[in-house]
Amino acid sequence: MDFTLSKEHEMCRELFRSFAQNEVKPLAQEVDETENFPRETVEKMGKLGFLGIPIPKEYGGQGADILTYVMCVEELSKVCGTTGVIVSAHTSLCADPILTFGTEEQKQKYLPDLATGRKLGAFGLTEPGAGTDAQGQQTKAVLDGEEWVLNGSKCFITNGKEADVYIIIAVTGLIEKRGKMQKEISSFIVEKGTPGFSFGTKEKKMGIRGSSTYELIFQDCRIPKDALLGKKGEGFKIAMHTLDGGRIGIAAQALGLAEGALENTISYTQERKQFGRSISAFQNTQFQLADMATKAEAAKLLVYKAAKTKDQYQLDHKTSYSVEAAMAKLYAAEAAMEITTKAVQLHGGYGYTREYDVERMMRDAKITEIYEGTSEVQRMVISANILK
Amino acid sequence: MKIIVCIKQVPDTKGGVKFNPDGTLNRAAMLTIMNPDDKAGLEAALRLKDQYGAEVTVLTMGLPKATDVLLEAIAMGADKGVLVTDRVLGGADTWATSTTIAGAIRNMEYDLIITGRQAIDGDTAQVGPQISEHLGIPVISYAQKIEVEGDSVIVERQYDDRYHVVKAQMPCLITALGELNAPRYMTPGGIFNAVKNQADLITVWGRADLKDVDDNDLGLKGSPTQIAKASDKVRKGAGEKVTLDPAESVDYIIGKLKEKHVI
Numbered sequence: 001m002d003f004t005l006s007k008e009h010e011m012c013r014e015l016f017r018s019f020a021q022n023e024v025k026p027l028a029q030e031v032d033e034t035e036n037f038p039r040e041t042v043e044k045m046g047k048l049g050f051l052g053i054p055i056p057k058e059y060g061g062q063g064a065d066i067l068t069y070v071m072c073v074e075e076l077s078k079v080c081g082t083t084g085v086i087v088s089a090h091t092s093l094c095a096d097p098i099l100t101f102g103t104e105e106q107k108q109k110y111l112p113d114l115a116t117g118r119k120l121g122a123f124g125l126t127e128p129g130a131g132t133d134a135q136g137q138q139t140k141a142v143l144d145g146e147e148w149v150l151n152g153s154k155c156f157i158t159n160g161k162e163a164d165v166y167i168i169i170a171v172t173g174l175i176e177k178r179g180k181m182q183k184e185i186s187s188f189i190v191e192k193g194t195p196g197f198s199f200g201t202k203e204k205k206m207g208i209r210g211s212s213t214y215e216l217i218f219q220d221c222r223i224p225k226d227a228l229l230g231k232k233g234e235g236f237k238i239a240m241h242t243l244d245g246g247r248i249g250i251a252a253q254a255l256g257l258a259e260g261a262l263e264n265t266i267s268y269t270q271e272r273k274q275f276g277r278s279i280s281a282f283q284n285t286q287f288q289l290a291d292m293a294t295k296a297e298a299a300k301l302l303v304y305k306a307a308k309t310k311d312q313y314q315l316d317h318k319t320s321y322s323v324e325a326a327m328a329k330l331y332a333a334e335a336a337m338e339i340t341t342k343a344v345q346l347h348g349g350y351g352y353t354r355e356y357d358v359e360r361m362m363r364d365a366k367i368t369e370i371y372e373g374t375s376e377v378q379r380m381v382i383s384a385n386i387l388k
Numbered sequence: 389m390k391i392i393v394c395i396k397q398v399p400d401t402k403g404g405v406k407f408n409p410d411g412t413l414n415r416a417a418m419l420t421i422m423n424p425d426d427k428a429g430l431e432a433a434l435r436l437k438d439q440y441g442a443e444v445t446v447l448t449m450g451l452p453k454a455t456d457v458l459l460e461a462i463a464m465g466a467d468k469g470v471l472v473t474d475r476v477l478g479g480a481d482t483w484a485t486s487t488t489i490a491g492a493i494r495n496m497e498y499d500l501i502i503t504g505r506q507a508i509d510g511d512t513a514q515v516g517p518q519i520s521e522h523l524g525i526p527v528i529s530y531a532q533k534i535e536v537e538g539d540s541v542i543v544e545r546q547y548d549d550r551y552h553v554v555k556a557q558m559p560c561l562i563t564a565l566g567e568l569n570a571p572r573y574m575t576p577g578g579i580f581n582a583v584k585n586q587a588d589l590i591t592v593w594g595r596a597d598l599k600d601v602d603d604n605d606l607g608l609k610g611s612p613t614q615i616a617k618a619s620d621k622v623r624k625g626a627g628e629k630v631t632l633d634p635a636e637s638v639d640y641i642i643g644k645l646k647e648k649h650v651i
């Protein structure tokens, strides 16, 4: 087993690190405090291809792999969790399902703009009554002649008002499955500006405060018949597949937050003096740092393994990466929460103030245990696989 | 238009400088980067390419590891690279280096050559102008702005308190200042392309490939410069802060200058 990164991955990491340090870090605190979406940063990332890393070149992407994309989200999240999730939601939850399930026309229509950042993507599955229970969907799509008519609402949508292209999951009817009537779920591509599509309230969040999280409202929203993504009735499969990929992105975000908090804490404990010594000279600090570093490294191995497994899927369209993604997200998210909490503790009173980045990182880390499948959902996915 | 950009892999002095016992740089112990002035020169070439269309070739002389800066340059948008590397070229000072690079460039077609003003490891600012002397072409150094007009370049040449606007017919050589521009980032796709196609994109030349050069002008043997001593930059102290009214300040400053025998 070879754990060394290839030359191109090393160079990409240096690129992402340099961009994060020079362009993202200086704005991170302001983005958090003002809750302003970092549009200029997103534009810069679009021009550099960061919004189309695993999209093939023929669709305007960078033609790189999932591991490269993961390293991008990781390095951005080391300095700003908001910027990390913008890239993750756009790439994994919008561009990826179009690439995987879209018709050639849909790919040609949407991917070049998404891959170059001319358009931003989002994904709408969650509803007020349908979170972990994705089958509880209420949003409906009814075919009326050559158009689908959407009615309902979605909540907690990342990139909400800033996006231009949305993957929307909706109920298209009832079907009988194993003697029971079940909702038939389908997925659609909806463009911003479509009459009947509007935005509701903006969420006021604990963390990732610069990320635009909105309610989406559909009132007799008519979209073309060919806006259906995949086949009618494949929506649940598409949503679950999409979330499997999304979890790798969020796992990378959690990994970045953990590593960022660790780096900050290593520097701080070497500078901060108490009782005439750097606090890093105390064994308690050393042991805490050792545990934090070990967990961050373990998270990294799981996240990179999940990325490499999805890379294999990109080649053969067979390899399952669902369990690897669930394990990576579960572990990285919980490691991020634990490491950022310890980071605040090791910063003492300063860590509780907004003067220090670890305060923001701890708030940002919490969401990684919740969105794109809670830690409990990840445990369900993993246990279902080992008990089958 | 064909542009050659000379770039150098240098130690990243931000992390401090390390020396061997003999006073030469311990390059193996230091992280390396593309020399900042050279990177600005590359960016200038890439902007000319964007604006007018050009083929940009990056050229470096160094150890095989210097391939890294060629890959970086290609990932930023350069079309191809040339690495000049050979044991007999080792230990070169500015004279032997410029002789070597000119020997390589004699094999290439070009309208414009851009080098950085100077490298952060040697700070001589000699190699660019020397290359132009070897090749017998005009040089405009310290460029803070570059434009192309027909078959000429119009360059703002920086001085301490002013700049001159200088026009030269191509082929010519320009040395670029770091503040000329903000170099672009690489792109992920550019990186994958550069690494995957390295064998096609980067040509490696040795002594035998250099045209019209004398062995006596190459490597350590061809280097008239003798380094007596090398040292890291001496850091300035924190200084002394005093708060005085204007009349007292004048006396204080004059006293200090006298104390240091400045006046």
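Top line first, the protein sequences correspond to chains V and L.
The numbering used here applies: residue 1 is where the first sequence begins, and numbers increase by one.
The numbering used here applies: residue 389 is where the second sequence begins, and numbers increase by one.
Cβ atoms here follow ideal geometry from the backbone N, Cα and C, with glycine treated the same way.
Query: Proximity below 9 angstroms, CB of G193/V to CB of I367/V; Result: no
Query: F199/V beta carbon less than 9 angstroms from that of I390/V; Result: No answer is possible for residue 390/V: the residues shown for chain V start at 1 and end at 388.
Query: Same chain, Cβ closer than 7 angstroms to D96/V, five either side skipped, listed in chain order; Result: T242 and G245
Query: Close beta carbons around Q288/V, own chain, < 7 angstroms, minus the five adjacent residues each side; Result: K342 and L346
Query: Partner residues on chain L for A64/V, Cβ-Cβ distance less than 9 angstroms; Result: P576, G577, I579 and F580
Query: Under the three-state DSSP convention, the category V527/L falls into; Result: strand
Query: From E372/V, N385/V and E376/V, residue whose alpha carbon lies closest to that of T158/V; Result: E372/V
Query: Boundaries of the beta strand (DSSP E) in which P224/V is found, first to last residue; Result: Y214 to P224
Query: Option nearest E628/L by Cα separation, candidates P634/L, K644/L, A635/L and D639/L; Result: K644/L
Query: Neighbourhood of V391/V by C-beta distance below 7 angstroms, restricted to the same chain and skipping five residues each side; Result: The requested residue 391/V is not part of the displayed model; chain V covers only 1 to 388.
Query: Every unbroken alpha helix (DSSP H) inside the segment 159-199 of chain V [4 residues or more]; Result: none
Query: Interface flag, K533/L vs chain V, CB-CB below 9 angstroms; Result: no
Query: Proximal residues to Q253/V (C-beta, below 7 angstroms), its chain only, five neighbours per side dropped; Result: V73, S77, G81, G84, V85, S88 and T368
Query: Interface flag, A463/L vs chain V, CB-CB below 9 angstroms; Result: yes
Query: Contact set for A299/V: own chain, Cβ-Cβ below 8 angstroms, skip 5 residues either direction; Result: A251, A254, L255, A258, A328, Y331, A332, A335 and A336
Query: Min CB distance S278/V to chain L below 9 angstroms; Result: no
Query: Residue closest to L111/V, alpha-carbon to alpha-carbon, out of T126/V, P128/V, T91/V and K273/V; Result: T91/V
Query: Test item: CB-CB of G160/V and Y214/V under 9 angstroms; Result: yes
Query: Exposed unless 16 or more other CB atoms sit within 10 angstroms - verdict on D639/L; Result: exposed
Query: Residues of the segment 5-28 of chain V with Cβ closer than 8 angstroms to any Cβ of chain L, in chain order; Result: S6, K7, E8, M11, C12, L15, S18 and F19
Query: Element boundaries [beta strand (DSSP E), containing N151/V]; Result: E147 to I157
Query: Extent of the continuous alpha helix (DSSP H) to which D32/V belongs; Result: K25 to T34
Query: Neighbour flag for E460/L against chain V, beta carbons, 9 angstroms; Result: yes
Query: Outcome for V171/V when other beta-carbon atoms lying within 10 angstroms are tallied against a minimum of 16; Result: buried
Query: Min CB distance F37/V to chain L below 9 angstroms; Result: no
Query: Under 9 angstroms between C-beta atoms of S529/L and I562/L; Result: yes
Query: A141/V - containing beta strand (DSSP E), residue span; Result: K140 to D144
Query: Alpha-carbon to alpha-carbon, T132/V and Q378/V; Result: 11 angstroms
Query: Within chain L, partners of G249/V - CB distance below 8 angstroms; Result: Chain L residues near G249/V: none, gap ~15 angstroms exceeds 8 angstroms.
Query: N-terminal and C-terminal residue of the alpha helix (DSSP H) that A358/L is part of; Result: As displayed, chain L neither begins before 389 nor continues past 651, which places residue 358/L out of reach and without an answer.
Query: Short CB-CB distance (under 9 angstroms) between Y573/L and chain V; Result: yes
Query: Identity of the residues DSSP links to G560/L by a beta bridge; Result: It should be pointed out that residue 560/L corresponds to Cys in this sequence rather than to Gly. C560/L pairs with L500/L.
Query: CB contact check: L48/V to chain L, cutoff 9 angstroms; Result: yes
Query: Start-to-end residues for the alpha helix (DSSP H) that takes in G260/V; Result: G235 to E271
Query: Sub-9 angstroms separation of A428/L and G504/L beta-carbons; Result: yes
Query: Segments assigned beta strand (DSSP E), at least 3 residues, entirely inside the segment 417-466 of chain L; Result: 420-422 and 443-449
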